[in-house]
Amino acid sequence: MRLKLEKRPDPSRFMLYATPVGAVVLTMLVGAIIFTLIGYNGAAAVYQVFIAPLTLSYKWGDIAVKASPLILIGVGLAVGNRAAIWNIGAEGQYIVGALAGTGIGILTKDMTGFWILPAMLLAGLAGGAIWGGIPALMRNRFNVNETLSSLMLTYVAIHLMNHMVTGPWKDPKGFSFPQTALVTPSQTLPILVPGTYVHLGIVITLIIAVIMWFLMSRSLFGFQVRVVGSAPNAARHGGFSQKGTVWLVFLLSGALAGLAGIFEVTGPFGQMSLGFPQNYGFTAIIVAFLGRLNPLGVIIAGVVLAITYVGGDLAQSALQLPNASKGIFQALMLFFLLASDVLIRYRVRLAGNVSAPMAVAARSAAE
Amino acid sequence: MSIDYIIAVFITVVGAATPILFAGLGELVTEKSGMLNLGVEGMMLVGAVAAFATVDLTGSPWLAVVVAAAAAAAVSMTFAVLTLSLSANQVATGLALTIFGTGLSTLVGKSFTGHGIKPFTTLFPDWLANDRFGKAFFSFSPLVYFSFIMVALVWWFLNRTRGGLILRAVGENDLSAHSIGYSVIGVRYAAVAFGGAMAGIGGAAFPLVLTPLWAEGLTGGRGWIAIALVVFSGWKPGRLLAGAYFFGLLGTLELYAKASGSIFTAMLPSEGWAALPYIATIVVLAIISSSKAGGGNAPACLGKPFIPST
Amino acid sequence: MTDTPPRLSLRGITKRFPGVLANDNVSFDVKPGEIHALLGENGAGKSTLVKMIYGIMQPDAGEIIWNGEKVIVGNPKAARKLGVGMVFQHFSLFEALTVFENIALGMDAKIPQRELEGRIKQVMTQYGLTLDPQRVVSDLSVGERQRIEIVRALLLDPTLLIMDEPTSVLTPQEVEQLFVVLRKLAKEGCSILYISHKLHEIKALCDTATILRGGRLVDTCDPKVETSRSMAEKMIGGSLKDIQKPEGRTFGREKFVVTELGMPGAGHFGVALKDISFRVHAGEIFGIAGVAGNGQTALLLALSGEAPTTDAQAIRIDNEAIGKLDAKARRLKGLASVPEERNGHAAVPDFTLSDNSVLTGRDRMKLSISGIIRPRAAKKYTGEVISAFSVKATGTEATAGSLSGGNLQKYIMGREIMQKPGVLVVSQPTWGVDAGAAAAIHQALVDLAAAGSAIVVISQDLDELLSLCDTLAVINGGRMSPAMKVSEADINEIGLLMGGIHGEPTSPAVEAADAA
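Residue numbers (the numbering used here), protein chains in the order written: chain A, 170 to 536; chain B, 10 to 319; chain C, 8 to 523.
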């Protein structure tokens, strides 16, 4: 007897929404087992990573702060993945966006004015879009696989940032630490909840996610993205340009990642340093999938992954669980999600029920 | 530039090329079967940490190679099960494998931070290995010679054996191979496992050939360069060998820039030299992919799910 | 006769797929040396049945008896061991590999290269099949590719050879060559199971015909005794309906003019278009015949605007140059198109029918306004298409992939026709569609032409073109023959044109069979 997959006539809506929940639950179960096996208190680890952050109200602000970049980047990646265009270099676009905005910040460090912050945010958008535009250009002009080029550019971005914060942009008053000067009050995102880091950027993120949801579900732009991803030849038949879609997707996801980067500089970080990259660009890939490539789903998924960021820190101090553990949980989540995807399109049946007589016949014939 | 300097550079390049040569060879075979596994970086990291742990515990670098291959092949099976048995998207699953491998190696490697290991001793007697010219041939780790053997073996397998023909057929037209009666899924499982094992050995080369110290994320994107290398090679083992040495050379430029000081760093800051391999990869990919010969050589079924009508 | 058991005997073969009964209790015998036709419409269950004989699928119930002994055919290898060879409809060849490698892959045991080369040469001379073993398959014509499959099957000394729709891609002359080989094989004692829906071929070649309809066996008969019409009616289970063409039609002004259209070949294996010119009048149906792989795909892409040309004047509608416009802009000028591939090209299988209407109808039918989709308008239009073309679907929100081939084709044709295009270019309008749906589609095309549209039909089915079109041209190697009136066309000449440089002396047999 073995499991047999049977194609459903239409994809299951129920499974579409049920499987992400299932993936998270399975991750907690299997995660507990794995960590028990390698010598930790597995149940406690899962509790610290997934549950504890929710029970501690003073951590909620942290969750929101960490969810914001994940959602903003995740929304952009969700659009790309819908079009089967693989931008895995969001981390680099995030860094370059932050660098571009920081550049404006350094130029305007002795000025005041309401325009400075918007100028930095725009520079962040532009920086991310330009960095995202390179893989698009390389793919459209030279047929270069965008997965590889966008990732290579992340390494380039990291080295570029290292150079800037250790060299030209190093804070002269920073005791030669590799970091830029702190942003000035005119360069800082307003804090919405006093006593936390909850900043205006989080609200902007949510607004963008909702706008993207509308565009994806109701506009021709969203239609174009979905057709290109689902059936490229049909897209061409309908008069949608493949190359145009590559441009749109990369500029958009790059810009959103860049915005996320400059939000971090003008918000929680207040500066750039060697420790600035937080892997948000990679984790957002998981966020996009867990959110079912739907911008509203991405909001929820961003919160879930943000919990693991906060929980990872808690587990580190409570159980001495290395910070890398959260990466294992995150990867498990993506594995289970991808594995359970099959349930959307297929029904699982026991093949033995149908062909048991045949199996017997085959055995008797073989004898 | 003295001959000694050139030999010294050559030896460094060989070291830097070996990991990506192994990983690239494995990925080449995997891709020839029609599977695109983007988890090479993750599998290399798993191989690296498995090798390090084995030497740390047993002191045997030979055993370490075997364990690294087995460990990476084992994690590559998650990719195979998801994409082949559950028809999950190959790109997404490969990414998941890289994220998983990165996390796992960091977690396991945590306890080795600061440990040093004893790598391979050279195969040849000292008078050969330490000779001024002899060291350009005889001073290498056994893994280096093994990598050459593997290039020849992979070439022979793909072009001269029936198994290689079947593997190429499966990557070229899975439905036809299925209708003739070959097990597409079986062939691809094997190809993914081989790719995993080779990536594992490539990862093992970091502690065993390059630096005998554990560092988090020590592969630094070499897994991705290995994937680019396969595109560069046009899916041909011989060209892959040449490409690995070219990328190896680029990868060592940073070291020489730092060591030689002002001349190099005046041209480009050291971060620029460090970024150079990645930029060069993109440029090389652009040249290869836009030329007619490059794009057309890819196996026709590369990255596509196999959906038989039965 | 009673002493020798049948070579193959099927007893109550049943195969069920989710939602369909593909084979329902099918039983018949194939005698040694017999050429046995398996006749039926697309979807009648022919392919499923032979896949079970060849071991690609397993029956849910029933028995396969081989030379009097019950067997289980677990996989194709087991089938070949028994002596069953198969030539597939969609060739199971590997484009990037050589002829020799392709043949070697079909052998179950490893045979030394020298020996295999010798045996290939021997089979080729014995049956008059010429091939160069060192050539790469992608460079070969369709006829040559089929020869590889046949050589591959013959090398295993089969006693039953299954041919799945072997002539659908051949010129009339190549068909005749194939028949010579098959007759020779049968004379030597090899049984042949010949799958087709082309009645005149079956009358010309086969000793017995088994007719399937909707998965059931309808009749086993002698095709030499039956008429084409009687077999056709058994096949479709009703009486044939002829296309209603209005009498004494006259054409209007020139509506669609193509002048010296050239196009590089698409992709690695594409055929380039050279110097193609033709003109279609309002009310005219213009047919383009040709064997698959002679530039039809590139031509459709060039005409639809999916691959715009560099010369604007190469394509004109109502005297307006549109060569540089893309598909969307050409649709606004009144040019609609239907490519050959339904799933993934003409329609998105994962999308609902409503969304598929938006794909090509968004501008002409106002299904989107200033970048925002109007779901209600899309649903309404889709509903109209479904009812006007009697598409069987669970509704406007069914996914395109859930429809049967014939119903999806009716929907796609309806989606384009109801936009009232001035020019409609369609490729393989009835490929893999049952006779009822095919008749409906043909009628819709005739009606659209009668309403004043110019229609271009690209098809490999010569019978379809001859009955549907007013004017006909042949495409070969990316070049097009001068147009001829269908009423004055000579089938022999068309066959030679289709063969192009591959054309070999014709024989009267096909003609005779056709007249019968």
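Built from N, CA and C at the ideal position, the CB exists for glycine as well.
In this structure, the straight-line span from the alpha carbon of A/Leu462 to that of C/Phe285 is close to 47 angstroms. Contact annotation for B/Ile175 against chain C: Leu112 [CB-CB distance below 9 angstroms, chain order].
Contact note: C/Ala193 does not reach chain B at a C-beta cutoff of 8 angstroms; the least C-beta distance is about 24 angstroms. By the C-beta criterion, the region 448 to 464 of chain C is judged not to be in contact with the region 367 to 385 of chain C, since fewer than 3 inter-stretch pairs fall below 8 angstroms. Taken through DSSP and simplified to helix, strand or coil, B/Ser85 comes out as helix. Between the alpha carbons of B/Tyr191 and C/Lys84 lies a gap of roughly 9 angstroms. Selection C/Gly269, C/Ala407 and C/Glu348 evaluated against C/Met487 yields C/Gly269 as nearest (Cα-Cα). Nearest Cα to C/Leu360 within the set C/His352, C/Leu219, C/Glu151 and C/Val392: C/Val392. When rounded, the separation of the alpha-carbon atoms in A/Asn312 and C/Glu267 is 30 angstroms.
Among the bridge pairs identified by DSSP, A/Tyr515 is matched with A/Lys176. By the neighbour-count criterion, in which a residue is buried when 16 or more other Cβ atoms sit within 10 angstroms of its Cβ, A/Phe419 is buried. DSSP places C/Tyr201 in no alpha helix (DSSP H) but in the uninterrupted beta strand (DSSP E) bounded by Ser198 to Ser203.
Residue range Glu76 to Val78 is occupied by the beta strand (DSSP E) that includes C/Lys77. Inclusion of A/Leu465 and A/Ala378 in the CB contact set at 8 angstroms is warranted, their separation being smaller than that value.
Among the residues facing chain A, C/Ala353 is included, as its CB has a counterpart in that chain under 8 angstroms away. Within the region 158 to 208 of chain C, the runs of beta strand (DSSP E) that reach at least 3 residues and sit entirely inside it are, in chain order, 167 to 171 and 198 to 203.
In this structure, B/Gly211 lies near B/Ala32, with their beta-carbon atoms less than 8 angstroms apart. Using beta-carbon distances, B/Asn182 counts as an interface residue toward chain C, with a partner under 8 angstroms. Boundaries of the beta strand (DSSP E) around C/Arg323: Ile322 to Ile324.
Around the beta-carbon of B/Trp244, 16 or more other beta-carbon atoms lie within 10 Å, marking it buried. Taken through DSSP and simplified to helix, strand or coil, A/Val352 comes out as coil. Among the residues facing chain B, C/Asn326 is not included, as its CB has no counterpart in that chain under 8 angstroms away.
Using beta-carbon distances, A/Ser181 does not count as an interface residue toward chain C, since no partner is under 8 angstroms.
Between A/Ala252 and chain C, the shortest Cβ-Cβ separation is not below 8 angstroms.
Restricting attention to B/Ala17, B/Val38 and B/Leu294, the CA atom closest to the CA of B/Ala161 is found in B/Val38. With respect to chain B, the C-beta atom of C/Ile155 has no partner C-beta closer than 8 angstroms. Using beta-carbon distances, A/Glu433 does not count as an interface residue toward chain C, since no partner is under 8 angstroms.
In the DSSP assignment, C/Ser235 falls outside any beta strand (DSSP E) and lies within the alpha helix (DSSP H) extending over Ser235 to Ile243. Beta-bridge annotation (DSSP): C/Thr215 is paired with C/His43. By the neighbour-count criterion, in which a residue is buried when 16 or more other Cβ atoms sit within 10 angstroms of its Cβ, C/Arg323 is buried. A contact is defined here as three or more CB-CB pairs under 8 angstroms, and the region 377 to 396 of chain C meets this definition with respect to the region 348 to 364 of chain C. When Cβ-Cβ separations below 8 angstroms define contact, A/Val396 makes contact with chain C.
Taking a 10 Å sphere around the C-beta of A/Gln217, we find 16 or more other C-beta atoms and assign the residue as buried. What C/Glu313 touches in chain A, judged by beta-carbon distance under 7 angstroms, is Arg405 and His406, going in chain order. Under the Cβ criterion of 8 angstroms, C/Ile127 is not counted among the residues facing chain B. Under the 8 angstroms criterion on CB atoms, B/Arg141 is classed as non-interfacial with respect to chain C.
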